[in-house]
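Enquirer: According to our numbering, the stretch in the sequence shown is residues 359 to 600, in order.
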Amino acid sequence: MELKDKVVLITGSTHGIGSAMALEFAKHGAKVLLNGRKELPSELAGELDKLSATYHYLQADLANTDLKDFAADAWNVYGQVDILINNAGLNRDKMFIGMKEADFDQVIDLDLKVPFFLSKNLIKKMNKKRSGVIINLSSIVGIHGNAGQANYAAAKAGLIGLTKSIAREAAMRNIRVNSIAPGMIDTQMTAVLSEHVKKNILEQIPLKRLGNPSEVAQTAIFLAQNDYITGQNIVVDGGMTM
Numbered sequence: 359m360e361l362k363d364k365v366v367l368i369t370g371s372t373h374g375i376g377s378a379m380a381l382e383f384a385k386h387g388a389k390v391l392l393n394g395r396k397e398l399p400s401e402l403a404g405e406l407d408k409l410s411a412t413y414h415y416l417q418a419d420l421a422n423t424d425l426k427d428f429a430a431d432a433w434n435v436y437g438q439v440d441i442l443i444n445n446a447g448l449n450r451d452k453m454f455i456g457m458k459e460a461d462f463d464q465v466i467d468l469d470l471k472v473p474f475f476l477s478k479n480l481i482k483k484m485n486k487k488r489s490g491v492i493i494n495l496s497s498i499v500g501i502h503g504n505a506g507q508a509n510y511a512a513a514k515a516g517l518i519g520l521t522k523s524i525a526r527e528a529a530m531r532n533i534r535v536n537s538i539a540p541g542m543i544d545t546q547m548t549a550v551l552s553e554h555v556k557k558n559i560l561e562q563i564p565l566k567r568l569g570n571p572s573e574v575a576q577t578a579i580f581l582a583q584n585d586y587i588t589g590q591n592i593v594v595d596g597g598m599t600m
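#1: Can you check the segment 402-426 for any beta strand (DSSP E) of at least 3 residues that lies completely inside it and give the ranges in chain order?
#2: Nearest-angstrom Cα distance between ALA411 and MET453?
#3: Evaluate PRO564 with the Cβ neighbour count: other Cβ atoms within 10 Å of its Cβ, from every protein chain shown; 16 or more gives buried, anything less gives exposed.
#4: Counting along the chain, where does the beta strand (DSSP E) carrying LYS389 start and finish?
#5: Alpha carbon to alpha carbon, how far is GLY374 from ARG531?
#6: Going by the beta-carbon positions, is the gap between THR423 and ASN393 smaller than 7 Å?
#7: Between ILE492 and ARG450, what straight-line distance do the alpha-carbon atoms span, to the nearest angstrom?
#8: Identify the continuous beta strand (DSSP E) that holds ARG534 and give its terminal residues.
#9: According to the neighbour-count rule (16 or more other Cβ atoms, all chains shown, within 10 Å of its Cβ), is ASP469 buried or exposed?
#10: Tell me the DSSP secondary structure of GLN438 in three-state form.
#11: Would the beta-carbon of SER371 fall within 7 Å of that of ALA384?
#12: Have a look at SER377, VAL594, ASP431 and LYS396 and flag the residue whose alpha-carbon is nearest the alpha-carbon of VAL499.
#13: Between ILE481 and HIS554, what straight-line distance do the alpha-carbon atoms span, to the nearest angstrom?
#14: Measure the alpha-carbon distance for ASN445 versus GLY456 and round it to whole angstroms.
#15: Using the three-state DSSP reduction, which class does LYS566 fall into: helix, strand or coil?
#16: Assign ASN485 to one of three DSSP states: helix, strand, or coil.
#17: Per DSSP, which one or two residues make a beta bridge with GLN507?
#18: Going by DSSP, what residues sit across from GLY597 in a beta bridge?
#19: In whole angstroms, what is the alpha-carbon distance linking LEU568 and ASN509?
#20: Which first and last residues belong to the alpha helix (DSSP H) in which ASN558 is found?
#21: Where ASP363 and VAL390 are concerned, what is the direct C-alpha to C-alpha distance, given to the nearest angstrom?
#22: Would you tell me roughly how many angstroms separate the C-alpha atoms of LEU495 and THR577, rounded to the nearest one?
#23: By alpha-carbon positions, which one of GLU405, GLU397 and ALA512 ends up nearest to ASP461?
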């Protein structure tokens, strides 16, 4: 897929991996639909403006939004959505024994159910065009689990299964569906970790460093451009789960 003038919708794109993907797609000439719960950060808007990017911001808390209406609003901005990237997510980390139902539900709702329903609403429109790309942001935690993240691991493992299942159904309409499983990436989520915890994590990573959001963004570009990859989960983790 040639990305110039294609429309990409990236949920949860005001910071971290999401904003890195927004900037990377803008550099490739795509029209970018951004999304977040709060106002678009002026710093990110400034960077997009420097790129002379075509972009539009859709402010919404997707866990508490009518996703059919949101999908329609996103589509109507530029009359199409060629690429959907389900990136919005949250974590409510607690040990399993003390995890409350609300902790579980909140993570499942945003990290798994939102990608399901948003993909469902947009893929109907992609079917008519017989073209489209969906990229889901999973996690290596969805592959090997992690203490204190039973809810997050369940959601991200489910997202991998969802990706592969939709990919089988959508292929007949030339719609490709893949997921990316980042490892430890240098974002707000990892910034709160203590130096002791970070040191222990780095000992488990063969490349001995955290990943950059831009490295995940480059993977999304690759998956959007390559027309013969579907149903795959691409791990970006510095060798942590090799």
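C-beta: ideal position from N, C-alpha, C; glycine also. Just so we're clear, the structure is a prediction, and the values are computed from it rather than from any experiment.
Expert: Well, looking at it:
#1: 413-417
#2: 43 Å
#3: The residue in question, PRO564, is exposed, as its Cβ has fewer than 16 Cβ neighbours within 10 Å.
#4: 389-394
#5: 32 Å
#6: For the 7 Å CB-CB criterion, THR423 and ASN393 do not form a contact.
#7: 26 Å
#8: 533-540
#9: buried
#10: Correct three-state label for GLN438: coil.
#11: Contact flag unset, no.
#12: VAL594
#13: It is roughly 44 Å from the alpha-carbon of ILE481 to the alpha-carbon of HIS554.
#14: 27 Å
#15: For LYS566, the secondary structure class from DSSP, reduced to helix, strand or coil, is coil.
#16: helix
#17: Residue pairing for GLN507: DSSP places it in a beta bridge opposite LYS452.
#18: The partner list for GLY597 (beta bridge, DSSP) is empty, contrary to what the question assumes.
#19: 23 Å
#20: 553-560
#21: 9 Å
#22: 11 Å
#23: ALA512
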